[in-house]
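Under our numbering, residues 1 to 621 are what the sequence shown spells out, in order.
Following: one structure in structure tokens, then a few remarks.
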Amino acid sequence: MSEKSIDQATLKMLSKAKADNVSLAWDRLAAQEPQCGFGQLGVCCRNCNMGPCRVDPFGDGPSEGVCGATADTIVARNLVRAIAAGAASHSDHGRGIASTLYASAKGHAPDYPVKDEVKLKALAKEFGIAVEDRTSQEIALEVAETVLDEFGTRKGSLQFVNRVPLKRKEIWDKLGITPRGIDREVVECMHRTHIGVDNDYVSLILQGMRTALSDGWGGSIVATEISDILFGTPQPIKGSCNLGVLQADQVNIILHGHEPTLSDILVHAARAPELLAAAKEKGASGINVCGMCCTGNEILMRHGVPLAGNFLQQELAIVTGAVEAMVVDIQCIMPSLPQVAACYHTKVISTSPKAKFPGAEHIPFDEHNAMEVAEKIVLAAVENFSNRRPERVNIPSDRMDYMAGFSVEAILSALGGSLDPLLNAIKSGAIKGIVGVVGCNNPKYKHDQSHINFVNELIKNNVLVVATGCAAIACGKYGLLLPEAAKNAGDGLRAVCEALKIPPVLHMGSCVDISRIMTVAAAIANALGVDISDLPLAGAAPEWMSEKAVSIGTYVVSSGIFTILGTVPPVLGSKNVAELLTSGAEGVVGAVFAVEEDPVAAADLAVKHIEKKRLALGLEP
Ligand code: MSK
1 MSEKSIDQAT LKMLSKAKAD NVSLAWDRLA AQEPQCGFGQ LGVCCRNCNM
51 GPCRVDPFGD GPSEGVCGAT ADTIVARNLV RAIAAGAASH SDHGRGIAST
101 LYASAKGHAP DYPVKDEVKL KALAKEFGIA VEDRTSQEIA LEVAETVLDE
151 FGTRKGSLQF VNRVPLKRKE IWDKLGITPR GIDREVVECM HRTHIGVDND
201 YVSLILQGMR TALSDGWGGS IVATEISDIL FGTPQPIKGS CNLGVLQADQ
251 VNIILHGHEP TLSDILVHAA RAPELLAAAK EKGASGINVC GMCCTGNEIL
301 MRHGVPLAGN FLQQELAIVT GAVEAMVVDI QCIMPSLPQV AACYHTKVIS
351 TSPKAKFPGA EHIPFDEHNA MEVAEKIVLA AVENFSNRRP ERVNIPSDRM
401 DYMAGFSVEA ILSALGGSLD PLLNAIKSGA IKGIVGVVGC NNPKYKHDQS
451 HINFVNELIK NNVLVVATGC AAIACGKYGL LLPEAAKNAG DGLRAVCEAL
501 KIPPVLHMGS CVDISRIMTV AAAIANALGV DISDLPLAGA APEWMSEKAV
551 SIGTYVVSSG IFTILGTVPP VLGSKNVAEL LTSGAEGVVG AVFAVEEDPV
601 AAADLAVKHI EKKRLALGLE P
């Protein structure tokens, strides 16, 4: 069991699941083994019905599919389709939030008033929208319309690319990868990867980069910025995390998925006196709303809501036997949840028309009467409390406090209003560089181990870590999001953290909030008058598994940031594609991918890269 996770709460629930005869992701992985070698190498193609085809990477079998596609073409097409799926997911999330702002401004979504007018006006000005003598509703309407137009814009390029330094824009323009319209890039990926269209691996990967950039400098930023406008820009906030946040004597509701639209309202709904009274009538002492994955990150960043865990803990939360409702929206929700829930009393409630789950109850969320739907869901959870079977309940005691909420605005405020203290700390070497650690868990690797070992090595080497997604949750569970964690950092980073009273790992939000990291990177480059690729920065996804992570990694590299993957992507069937991504891209976009499964060796790669960049900037390595 201990080989599956480093997290005690997880290990305890793995034992309980075994005793309860419940099958989990790890069991299903074992049932899949050995996994398909062709799939692992990326050399199988199902893009037309002459196939499926597979190319033998060792040269003993066929070297081409029926249409003549080589390993290079097949691997590149598969990679580009993964990027398109990931970019589409982030961007459609962004569109959903922008549509809510539109409905709010039209007066059709009364539960969603604008919460951050300063940010609304700042965004309006960025888009050239007049703010003087206009009500916030008028500004919000034009902002929403303009942002929604970015999905199908014909004006040539996306507005947010103007945040990057001119040098970066020139590189993108020269390569023809400046993103044009968010939807357009995804559609073009699907077109180019259809049989008989784009068969050149370089050309395909350039389109993959353009599509990923339409996510990182398009859909994801839309999601972050408009969420801040509607739900408030995060500020440092404290809370606790891991499965120990579940309460034995309360109605436990877990909000899982990605969008803050329903979850933010549901946090408020659960505080309604009549629902609390209903919970007490059922014998519960209260209603405990907790988060999971990135919906969890959204409500943690804004409300300090307890966070039950990261990706591989979603089934385990149900295994505690203490969850009355797991409410899900979109992305990273295992289809197995209703099956696991059937062994306990938990209701799995799906809410998005885009994501239905056989075996779950579907309560459609509607932004036009959001509070009513949220109250209905809370009531369903409350009513389920009496179905709890006490003999099946076992909540692990493991929980840890965290400090989160580091939006760009919060970081600036911690720095006293300007980036200068951070720039000075980097110049002096107190902080050697910054690494963004993001991404998922993956049962093929020991849960949380790579995240934690990688991050610990970095902070020891005076590297400031910024984290999002399930990586940030992993950091939270091991105390790395507390200012006290600075005691394990190198002298320089420790002194900076102590002076600013911040942790050495800054939780910057959900997966779409990697856009916050990119915005900081662009701002630092602009302040120093250099390109992003000149900065002592790196990105890493130590335990990634999702297609969204493929898009993220690609837009981070395409923006000029060296990125280390801790799990092997399915590209090794093409030597040419693998070489382009891990070395050729350096001469094109000024950054490459590296793949390193050992987190300590991965940290060494990041530190060496940072030292190289520092030297090139004339700074002490
Ligand atoms: S939730 S994409 S498992 S980070 Fe954003 Fe976690 Fe990865 Fe989903």
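Backbone N, C-alpha and C define an ideal beta-carbon position, used for all residues, glycine too.
Closest residue to residue i among the options (Cα-Cα distance)
i       : options                               : result
Gln-231 : Leu-412, Asp-116 and Asn-488          : With the sequence shown as reference, residue 231 is identified as Phe, and Gln is not the correct amino acid for it. Looking at the Cα atoms, Asp-116 is the closest of the given residues.
Val-55  : Gly-42, Asn-47 and Cys-48             : Gly-42
Leu-213 : Asn-162, Arg-614, Pro-621 and Pro-338 : Asn-162
Glu-138 : Asp-111, Leu-101 and Val-568          : Leu-101
Gly-39  : Pro-443, Arg-28 and Leu-79            : Leu-79
Ile-182 : Met-209, Ala-381, Gly-196 and His-194 : Met-209
Pro-627 : Pro-34, Gln-247, Asn-424 and Asp-27   : The chain is shown only over 1 to 621; residue 627 falls outside these bounds and no answer can be derived.
Val-305 : Ile-426, Cys-293, Arg-180 and Glu-315 : Cys-293
Ile-564 : Val-589, Ala-606 and Pro-338          : Ala-606
Ala-355 : Arg-302, Pro-335, Ile-330 and Arg-192 : Ile-330
Ile-195 : Pro-483, Ala-425, Gly-68 and Ile-6    : Gly-68
Pro-639 : Leu-617, Ala-370, Gly-128 and Ser-551 : For the chain, the structure presents residues 1 to 621; residue 639 sits outside this window and is missing.
Arg-302 : Val-143, Lys-427 and Gly-239          : Gly-239
Ile-524 : Leu-500, Ser-551, Met-545 and Ala-425 : Ala-425
Leu-500 : Ser-413, Trp-217, Pro-234 and Glu-361 : Ser-413
Ala-19  : Gly-257, Thr-178, Asn-394 and Leu-617 : Asn-394
Ile-83  : Ile-205, Ile-452 and Asn-49           : Ile-205
Glu-185 : Pro-34, Ser-263 and Gly-86            : Gly-86
Asn-441 : Leu-312, Met-326, Phe-58 and Trp-172  : Leu-312
Thr-567 : Ala-578, Val-588 and Met-545          : Met-545
Ala-527 : Arg-28, Gly-152, Val-164 and Val-131  : Val-164
Glu-298 : Gly-618, His-108, Phe-406 and Arg-28  : Phe-406
Gly-65  : Gly-59, Phe-58 and Cys-44             : Cys-44
Ala-489 : Cys-511, Asp-513, Val-512 and Asn-462 : Asn-462
Gly-59  : Asn-49, Thr-70, Met-50 and Pro-52     : Thr-70
Other residues of its chain near residue i: CB distance less than 8 Å, five sequence neighbours each side excluded
i       : result
Arg-388 : Gly-321, Ala-322, Glu-324 and His-345
Ile-363 : Ile-349, Ser-350, Thr-351, Val-373, Lys-376, Ile-377 and Ala-380
Asp-604 : Glu-457
Asn-453 : Pro-599, Val-600 and Ala-603
Chain-order list of residues whose beta-carbon lies under 6 Å from that of residue i (same chain, five-residue window excluded)
i       : result
Leu-422 : Leu-415
Trp-26  : Lys-4 and Pro-443
Glu-145 : none
Ala-623 : Any question about residue 623 goes unanswered here, given that the chain covers just 1 to 621.
Pro-386 : It should be noted that the sequence gives Ser, not Pro, for residue 386. Only Lys-282 meet the Cβ criterion.
Cys-290 : Val-245, Ile-254, Pro-306 and Ala-308
Glu-620 : Gly-429
Gly-359 : Pro-338
Ala-284 : Gln-250, Val-251 and Phe-385
Beta bridge counterpart(s) of residue i as assigned by DSSP
i       : result
Arg-392 : Answer is none; Arg-392 lacks a bridge partner.
Asn-631 : Shown here, the chain extends from 1 to 621; a query on residue 631 therefore has no answer.
Lys-238 : Met-403
Lys-347 : Ala-325
Val-530 : BP columns for Val-530 are empty, so no partner.
Ser-5   : His-447
Val-466 : Gly-436 and Leu-506
Ala-541 : Leu-565
Gly-627 : The displayed coordinates of the chain run from 1 to 621. Any statement about residue 627 would go beyond what the structure contains.
Thr-70  : Glu-64
Phe-593 : Thr-563
Glu-361 : Ile-349
Arg-54  : Cys-44
Gly-479 : According to DSSP, which records beta bridges pairwise, Gly-479 is partnered with nothing at all.
Gly-257 : Cys-293
Beta-carbon contacts of residue i that lie in its chain and below 7 Å, excluding the five residues immediately before and after
i       : result
Leu-276 : Gly-286 and Ile-287
Ala-140 : Leu-101, Ser-104, Ala-105, Val-114 and Leu-120
Leu-481 : Tyr-402, Met-403, Ala-404, Cys-475, Pro-503, Val-505 and His-507
Asp-598 : none
Glu-543 : Gly-439, Cys-440, Asn-441, Asn-442, Tyr-445, Ser-450, His-451, Gly-566 and Thr-567
Arg-81  : Cys-189 and Thr-193
heavy atom of ligand 3 below 8 Å from residue i C-beta
i       : result
Tyr-402 : As for ligand 3, it is missing from this structure, which binds only ligand 1.
Original post:
Using 8 Å as the Cβ pair cut-off and three pairs as the minimum, do the region 216-227 and the region 82-93 touch?
Top reply: Cβ pair count under 8 Å is three or more, so yes.
**OP:** Would you check if the region 547-556 and the region 510-528 touch, i.e. whether three or more CB-CB distances between them fall below 8 Å?
**Re:** They touch, by the three-pair rule.
Subject >> Neighbouring residues (CB closer than 7 Å to any heavy atom of ligand 1) >> reply: Shown in chain order are the residues whose CB sits closer than 7 Å to a heavy atom of ligand 1: His-258, Cys-293, Cys-294, Asn-310, Phe-311, Gln-331, Cys-332, Val-438, Gly-439, Cys-440, Asn-441, Gly-469, Cys-470, Ala-471, Ser-510, Cys-511, Trp-544, Met-545, Ser-546, Lys-548 and Ala-549.
Subject >> Contact the region 525-539 vs the region 191-201: 3+ CB pairs below 8 Å >> reply: No, they do not touch.
Original post:
With a cut-off of 8 Å, do at least 3 Cβ pairs link the region 567-581 to the region 55-74?
Top reply: Enough Cβ pairs lie closer than 8 Å, so yes.
Original post:
Below 8 Å, can you find three or more Cβ-Cβ pairs linking the region 333-342 to the region 465-474?
Top reply: Not touching, per the Cβ criterion.
**OP:** Check whether the region 104-118 touches the region 166-178, taking contact to mean three or more Cβ pairs, one atom from each stretch, closer than 8 Å.
**Re:** No, they do not touch.
Original post:
On the three-pair Cβ rule with 8 Å, is the region 4-11 touching the region 434-451?
Top reply: Flag = yes, the region 4-11 and the region 434-451 touch.
Original post:
Three or more C-beta pairs closer than 8 Å, one from the region 295-314 and one from the region 398-409: is that the case here?
Top reply: Verdict: yes, contact present.
Subject >> Three or more C-beta pairs below 8 Å linking the region 420-438 and the region 462-471 >> reply: Result yes; three or more Cβ-Cβ pairs closer than 8 Å.
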